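Chemist: Residues are numbered in the numbering used here as their position in the sequence shown, beginning at 1, plus a constant of 38.
Before I ask anything, here is the structure I am working with.
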Amino acid sequence: MSFFQMKVGNMFTIVATNGAANGHQPVLKSDATGYDVFDRSSCKMVFRDQPFDAAFDFCTRRLSFVSAKPVQ
39 MSFFQMKVGN MFTIVATNGA ANGHQPVLKS DATGYDVFDR SSCKMVFRDQ
89 PFDAAFDFCT RRLSFVSAKP VQ
């Protein structure tokens, strides 16, 4: 059985998990108690155990900062 994950832009992946009490194991969206955000470039977790809306907002805010930086 697969778990819920959503790619946001080319930088982040949101993964549904069962929370800290159960070891942050990936689960289906209907079984999720929290969502973790991973930075795809460094393969590190950057935001943990948040509601989906907060995780998605985190990703979009970070992507807007990256796109707003001037090109050198």
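Every residue, glycine too, gets a C-beta built ideally from N, C-alpha and C.
If you're wondering where the values come from, they're calculated on a predicted model, not measured in any experiment.
Relative to the C-alpha of D95, which candidate in V75, K67, S80, S79 has its C-alpha closest?
Modeler: V75
Chemist: Taking D69 as the reference, give the member of N56, H62, C81 with the closest Cα.
Modeler: N56
Chemist: Going straight from the alpha carbon of R86 to that of G72, what length do you get?
Modeler: 8 Å
Chemist: In angstroms, rounded to a whole number, what distance separates the CA positions of V104 and M49?
Modeler: 10 Å
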